[in-house]
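**Student:**
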Amino acid sequence: MSANSIIPAFPRMLEDESIYIMREVAAQFERPALLFSGGKDSITLVRLAQKAFWPGKIPFPLLHVDTGHNFPETIEFRDWLVRETGAELIVRYVQDSIDAGKVKEETGKYASRNVLQTVTLLDAIEEFKFDACIGGARRDEEKARAKERIFSVRDDFGQWDPKKQRPELFEMLNGKINIGENVRVFPISNWTELDVWTYIKEENMAIPSIYYTHKRQVIERDGMIWPYSDFLNTSEDEVPFEEIVRFRTVGDMTCTAAVASTANEIDDIIREILSAKISERGARMDDKRSEAAMEQRKKEGYF
Amino acid sequence: MDIVRIATAGSVDDGKSTLIGRLLYETNSITADKLEAIERASKRRGVDYTDLSLLTDGLIAEREQGITIDVAHIYFSTPTRKYIIADTPGHFEYTRNMITGASNAQVAIILIDARNGIVEQTHRHFYITQLLRIPYVVVCVNKMDLVNYAEEPFNQIRQQFEELFEKANYKEQSLQFIPASSLYGDNISTRSSQLDWYDGPSLLEFMEGIDWHASQNQLPARFPVQYVIRPKSDQWHDFRGFAGKLSSGTLSKGDTVVALPSLQESVIEDIFKFEESLNQAESGDSVVITLKDEIDISRGDMIVKKSEQPAALKEISAQVCWLDHTPLKAGKTYLLQHGSNRVKAKITNLYASINVLDYKTIDDVQEIGLNEIGYISLKTAKPVNADTYAANKRNGSFILIDEGSNSTVGVGFIG
Chain A
4 MSANSIIPAF PRMLEDESIY IMREVAAQFE RPALLFSGGK DSITLVRLAQ
54 KAFWPGKIPF PLLHVDTGHN FPETIEFRDW LVRETGAELI VRYVQDSIDA
104 GKVKEETGKY ASRNVLQTVT LLDAIEEFKF DACIGGARRD EEKARAKERI
154 FSVRDDFGQW DPKKQRPELF EMLNGKINIG ENVRVFPISN WTELDVWTYI
204 KEENMAIPSI YYTHKRQVIE RDGMIWPYSD FLNTSEDEVP FEEIVRFRTV
254 GDMTCTAAVA STANEIDDII REILSAKISE RGARMDDKRS EAAMEQRKKE
304 GYF
Chain B
75 MDIVRIATAG SVDDGKSTLI GRLLYETNSI TADKLEAIER ASKRRGVDYT
125 DLSLLTDGLI AEREQGITID VAHIYFSTPT RKYIIADTPG HFEYTRNMIT
175 GASNAQVAII LIDARNGIVE QTHRHFYITQ LLRIPYVVVC VNKMDLVNYA
225 EEPFNQIRQQ FEELFEKANY KEQSLQFIPA SSLYGDNIST RSSQLDWYDG
275 PSLLEFMEGI DWHASQNQLP ARFPVQYVIR PKSDQWHDFR GFAGKLSSGT
325 LSKGDTVVAL PSLQESVIED IFKFEESLNQ AESGDSVVIT LKDEIDISRG
375 DMIVKKSEQP AALKEISAQV CWLDHTPLKA GKTYLLQHGS NRVKAKITNL
425 YASINVLDYK TIDDVQEIGL NEIGYISLKT AKPVNADTYA ANKRNGSFIL
475 IDEGSNSTVG VGFIG
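As they're listed, the protein sequences go chains A and B.
Start counting the first sequence at 4; every next residue gets the next number (the numbering used here).
Start counting the second sequence at 75; every next residue gets the next number (the numbering used here).
Structure follows, in structure tokens:
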């Protein structure tokens, strides 16, 4: 694709579907929460929730499981968004789970807190008795996610059983659960990465600055560009250098790779995606651990 | 930009995965790293071709056993349309999965191996497209390369299929026969010179051309209320809006409406899509409606035009497809979910089950088991404001929920 390629329109039917799902959550559950990471997908969820309940406020809190390894720009953005929307924010820290001895910090070059956050999340679900957690997962991201339902029932331990999924017919969603169970809800299941970006464009939404081009200290590892930070365990030959980069997906600083890019406008970002040779999750170390990495984490309660 | 939902069904042997892989590949919808991952995995498995089924078979158990368990959703797009494929397996719990995947589809692709012609599975596929009343069916006669791209086998299959269609109920269904080779990309996105005797569209050309929106808007308006919005803020002190997704028809400002089941009448004051006020909501729009009078409406109620009211049914006869391991039995009580409304329902009678291979009904059945289709009647605790499925899909279908397990155990099509 050339730099002049035409930017497709956002399919508006997707928004209608997602708003419908948001309203089903508010109506069918007593204590829902929206899992907020500060990435573009969860920012999109907040926008959809805002629209679904306007002129009322979003009738459920945002829950951020803070790994302590966030990009500072993400936290700054989160706090701004909460002020802007008047939504309630709950933060729970992975550090607290580590201090309480519930999880052990990983060691070595690829240490990250990505897996650890599942425990903090499950604890938060128990603490607040959340019966539904809204997440920004999309079916186009990964093979195991392609088979996930919109209302995905989890057992007492937050586990997903792919063989026991409820059939979802027409637009009817069944959120009835037994005591102890809870549901993960994925309102943007049917969106692709490109849909999220064209929506951000058409809605004129603000996103954290790290999605746009900037100068950053990075290291090179396994042919990818890693953001250099205190959280990253580096070896001696991994010498930080400055590079002009942006992030295509935003997770922790320890597991999100950057791409060399000068895109400083949303149209540039969309054109980059249109011509990309590598899929979005190709920049996520957490998925590369094994062929079935995502399914394994989901079974254990990851969202 | 429109969204087209496609249901594909069949086994790997029919070349279904290759067909999907082709569509993704030729519309530039698969990235290099995904393709490489599949190539790597194919080699590890010791096959000497790129096994595109690995693209859709996502679960560990599926890959270990070489089977597909569940419905996978696959996405591709062209400059004008976004396509969502619900890909369902050929063997394992087939009926349940295909009905689940295809319930929202506008197009079903039935794959037939040009060498084998119509097989048992074809009958099942076609029956489900009829039951669900999927408006467009593509009969894709695949592997034409293995019959030397000859016209004769294609014509034979076409003729057999048309005979099948003669016996079917839903005659408005549009059938399109396309000869193709997904392995070589003949007639998938572009027309093939190998098949110059065929003068119809390629598969993608056909799907780019279909249109069904207009027909949804022409149906009577059905607005199931999902949620009542009452901000109680200073700015919106008296605001009382009814949020929902218009399941069919159109609603306009000034329309005289009634709320069901209360039958109270009012006039539409405003229609909001977020901050924007609309003159008219169309089928599929998620909106908030305000009324001129303060009448009692809550979740599960339905707003309809006064002039186009659905029946208030307490006794329903329906065709059901059973989705659960525990069979349906007469006398049992379930929760019936119809749109946003849930009521208790008791199965009063179980008439027959259907053999999908020859459409013969089997009378005198005691139960309807997993993957079986049957005729039942049931009685509801409160009236359900429904149409027949033939008249209005969204307002003519329901699911049954088991009150013990809370699972969705059946789907019904009101007759």
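Glycine residues also receive a C-beta, built at the ideal position from the N, C-alpha and C atoms.
Just the C-alpha distance for A12 (chain A) and N429 (chain B), rounded to the nearest angstrom, thanks.
**Tutor:** Counted from its first residue, the first sequence places residue 12 (chain A) at position 9. Counted from its first residue, the second sequence places residue 429 (chain B) at position 355. Roughly 45 Å between the two C-alpha positions.
**Student:** Tell me the start and end of each unbroken beta strand (DSSP E) in the region 419 to 467 of chain B that is at least 3 residues and wholly inside, in chain order.
**Tutor:** As far as the region 419 to 467 of chain B is concerned, its whole beta strand (DSSP E) runs of at least 3 residues are 434 to 437 and 447 to 460.
**Student:** Using the three-state DSSP reduction, which class does I213 (chain A) fall into: helix, strand or coil?
**Tutor:** Here residue 213 (chain A) refers to the residue found at position 210 when the first sequence is read from its first residue. Of the three classes helix, strand and coil, the one that applies to I213 (chain A) here is helix, per DSSP.
**Student:** Can you pull the chain B neighbours of E27 (chain A), defined as C-beta to C-beta under 9 Å?
**Tutor:** Working through the first sequence from its first residue, we reach residue 27 (chain A) at position 24. Correct list: Q300, Y301 and S414.
**Student:** Which chain B residues are close to E171 (chain A), counting only those with a beta carbon under 7 Å from its beta carbon?
**Tutor:** Position 168 of the first sequence holds residue 171 (chain A). The answer, in chain order, is T174.
**Student:** So, under 8 Å CB-CB, G328 (chain B) and I363 (chain B) are touching, yes? Tell me the CB distance rounded to an integer number of Å.
**Tutor:** Here residue 328 (chain B) is taken as the residue at index 254 of the second sequence, counted from 1. Here residue 363 (chain B) is taken as the residue at index 289 of the second sequence, counted from 1. At roughly 12 Å, the Cβ-Cβ gap does not stay under 8 Å, so G328 (chain B) and I363 (chain B) are not in contact.
**Student:** Can you tell which of A:N181, A:A135, A:R148 and A:I93 has the C-alpha that lies nearest to the C-alpha of F32 (chain A)?
**Tutor:** As a position in the first sequence, residue 32 (chain A) is number 29, starting the count at 1. Per the Cα distances, A:A135.
**Student:** So is G484 (chain B) buried or exposed if we call it buried at 16+ other beta carbons inside 10 Å?
**Tutor:** In the second sequence, counting from the first residue as 1, residue 484 (chain B) sits at position 410. Answer is buried; the Cβ neighbour count reaches 16.
**Student:** Given that R373 (chain B) touches chain A, what residues does it touch there, using C-beta distances under 8 Å?
**Tutor:** Looking up residue 373 (chain B) in the second sequence gives position 299. A30, listed in chain order.
**Student:** Distance cutoff 8 Å, beta carbons only. Does K319 (chain B) sit that close to anything in chain A?
**Tutor:** For this step, residue 319 (chain B) is matched to residue 245 along the second sequence. By this cut-off, K319 (chain B) is an interface position.
**Student:** Can you give me the C-alpha to C-alpha distance between A6 (chain A) and H412 (chain B), rounded to a whole angstrom?
**Tutor:** One-based indexing of the first sequence puts residue 6 (chain A) at position 3. One-based indexing of the second sequence puts residue 412 (chain B) at position 338. In this prediction, A6 (chain A) scores a pLDDT of 49, lower than 50, which makes its location untrustworthy; the coordinate-derived value is nonetheless stated afterwards. Computed Cα separation, rounded: 49 Å.
**Student:** Check E350 (chain B) in the structure and name its three-state DSSP category.
**Tutor:** Your numbering for residue 350 (chain B) matches position 276 in the second sequence. Strand.
**Student:** Could you tell me whether any Cβ in chain A is nearer than 8 Å to the Cβ of I262 (chain B)?
**Tutor:** Working through the second sequence from its first residue, we reach residue 262 (chain B) at position 188. It does not; no Cβ of chain A falls within 8 Å.
**Student:** What are the boundary residues of the alpha helix (DSSP H) that L93 (chain B) is part of?
**Tutor:** The residue you call residue 93 (chain B) lines up with position 19 of the second sequence. Note, L93 (chain B): alpha helix (DSSP H), K90 to E100.
**Student:** Taking DSSP as the reference, what is the three-state secondary structure of F200 (chain B)?
**Tutor:** As a position in the second sequence, residue 200 (chain B) is number 126, starting the count at 1. F200 (chain B): helix per DSSP, three-state reduction.
**Student:** With 8 Å set as the bound, which would you pick, yes or no: does the beta-carbon of F348 (chain B) sit closer than that to a beta-carbon of chain A?
**Tutor:** Counting from 1 along the second sequence, the entry for residue 348 (chain B) is found at position 274. By this cut-off, F348 (chain B) is an interface position.
**Student:** Can you grab the Cα-Cα spacing for the pair E226 (chain B) / F200 (chain B), in whole Å?
**Tutor:** Residue 226 (chain B) sits at position 152 when you count from the first residue of the second sequence. Residue 200 (chain B) sits at position 126 when you count from the first residue of the second sequence. When rounded, the distance between both Cα atoms is 22 Å.
**Student:** Pull up the CB-CB distance for A52 (chain A) and Q300 (chain B), whole angstroms please, since I reckon it's below 8 Å.
**Tutor:** To locate residue 52 (chain A), count along the first sequence from 1; it is residue 49. To locate residue 300 (chain B), count along the second sequence from 1; it is residue 226. With a Cβ gap of about 14 Å, A52 (chain A) and Q300 (chain B) do not count as contacting.
**Student:** What does DSSP give as the partner residues of S155 (chain A) in its beta bridges?
**Tutor:** Sequence index remark: in the first sequence, residue 155 (chain A) carries index 152 (1-based). According to DSSP, S155 (chain A) bridges with A:R187.
**Student:** If the cut is a Cβ gap below 7 Å, which residues of chain E does N181 (chain A) touch?
**Tutor:** No chain E is part of this structure, whose protein chains are labelled A and B.
**Student:** Measure how close the beta-carbons of E339 (chain B) and K380 (chain B) come, nearest whole angstrom, since I'm counting them as under 8 Å.
**Tutor:** In the second sequence, the residue the question calls residue 339 (chain B) occupies position 265. In the second sequence, the residue the question calls residue 380 (chain B) occupies position 306. That belief holds up - the Cβ atoms of E339 (chain B) and K380 (chain B) are roughly 6 Å apart, short of 8 Å.
**Student:** I'd like to know whether the C-beta atoms of E130 (chain A) and S192 (chain A) end up nearer to each other than 8 Å.
**Tutor:** Taking the first residue of the first sequence as 1, we reach residue 130 (chain A) at position 127. Taking the first residue of the first sequence as 1, we reach residue 192 (chain A) at position 189. No; because the gap between Cβ atoms is not below 8 Å, this pair is not in contact.
**Student:** May I ask you to report which of helix, strand or coil DSSP gives Y23 (chain A)?
**Tutor:** Along the first sequence, read from residue 1 onward, the residue named residue 23 (chain A) stands at position 20. Correct three-state label for Y23 (chain A): helix.
**Student:** Starting from the C-beta of W576 (chain B), find all residues in its chain whose C-beta is less than 7 Å away, skip the five residues before and the five after it, and write them out in chain order.
**Tutor:** With chain B represented from 75 up to 489, any question about residue 576 (chain B) goes unanswered, as that position is not in the structure.
**Student:** As a quick exercise: from B:E441, B:A386, B:E194 and B:G283, pick the residue whose alpha carbon is nearest that of D76 (chain B).
**Tutor:** On the second sequence, position 2 is the one that residue 76 (chain B) refers to. Ranking B:E441, B:A386, B:E194 and B:G283 by Cα distance to D76 (chain B) puts B:G283 first.
**Student:** With a threshold of 16 other CB atoms inside 10 Å of the CB of A106 (chain B), please say whether the residue is buried or exposed.
**Tutor:** Residue numbering aside, residue 106 (chain B) sits at position 32 when the second sequence is read from its first letter. It counts as exposed.
**Student:** Tell me which residue opens and which closes the beta strand (DSSP E) that Q107 (chain B) is part of.
**Tutor:** To locate residue 107 (chain B), count along the second sequence from 1; it is residue 33. The sequence given here places Asp at residue 107 (chain B); Gln does not occur at that position. D107 (chain B) -> not in any beta strand (DSSP E); alpha helix (DSSP H) instead, spanning A106 to R118.
**Student:** Is T47 (chain A) helix, strand or coil by DSSP?
**Tutor:** Reading the first sequence from its first residue, position 44 is the one you call residue 47 (chain A). DSSP places T47 (chain A) in helix when its eight states are reduced to three.
**Student:** Flag this pair as yes or no: are the beta carbons of I173 (chain B) and V213 (chain B) separated by less than 8 Å?
**Tutor:** Within the second sequence, the letter at position 99 stands for residue 173 (chain B). Within the second sequence, the letter at position 139 stands for residue 213 (chain B). No.
**Student:** Do V331 (chain B) and I377 (chain B) count as a contact pair if the criterion is CB distance below 8 Å?
**Tutor:** Along the second sequence, one-based indexing puts residue 377 (chain B) at 303. Along the second sequence, one-based indexing puts residue 331 (chain B) at 257. Their beta carbons are under 8 Å apart, which means I377 (chain B) touches V331 (chain B) by this criterion.
**Student:** Kindly indicate if chain B contains any beta-carbon less than 8 Å away from that of A6 (chain A).
**Tutor:** What you label residue 6 (chain A) is simply residue 3 of the first sequence in a count that begins at 1. Here the model assigns A6 (chain A) a pLDDT of 49, short of 50, so the residue's position is not dependable, and the following value carries that caveat. It does not; no Cβ of chain B falls within 8 Å.
**Student:** Which residues of the region 173 to 192 of chain B have a Cβ closer than 8 Å to any Cβ of chain A? Give them in chain order.
**Tutor:** Within the region 173 to 192 of chain B, the residues whose Cβ lies closer than 8 Å to some Cβ of chain A are I173, T174, S177 and N178, listed in chain order.
**Student:** Does the beta carbon of N73 (chain A) sit closer than 8 Å to a beta carbon anywhere in chain B?
**Tutor:** The sequence position of residue 73 (chain A) within the first sequence is 70, counting from 1. So, not an interface residue.
**Student:** Checking contacts by CB at 8 Å: is M175 (chain A) closer than that to chain B?
**Tutor:** Your numbering for residue 175 (chain A) matches position 172 in the first sequence. Yes, contact with chain B.
**Student:** Do you know whose CA, among A:L235, A:S264 and A:D99, lies nearest I247 (chain A)'s CA?
**Tutor:** Along the first sequence, one-based indexing puts residue 247 (chain A) at 244. Among A:L235, A:S264 and A:D99, the Cα nearest to that of I247 (chain A) is on A:S264.
**Student:** Return the chain-ordered ranges of every beta strand (DSSP E) run that is complete within the region 219 to 298 of chain B and spans a minimum of 3 residues.
**Tutor:** As far as the region 219 to 298 of chain B is concerned, its whole beta strand (DSSP E) runs of at least 3 residues are 248 to 253.
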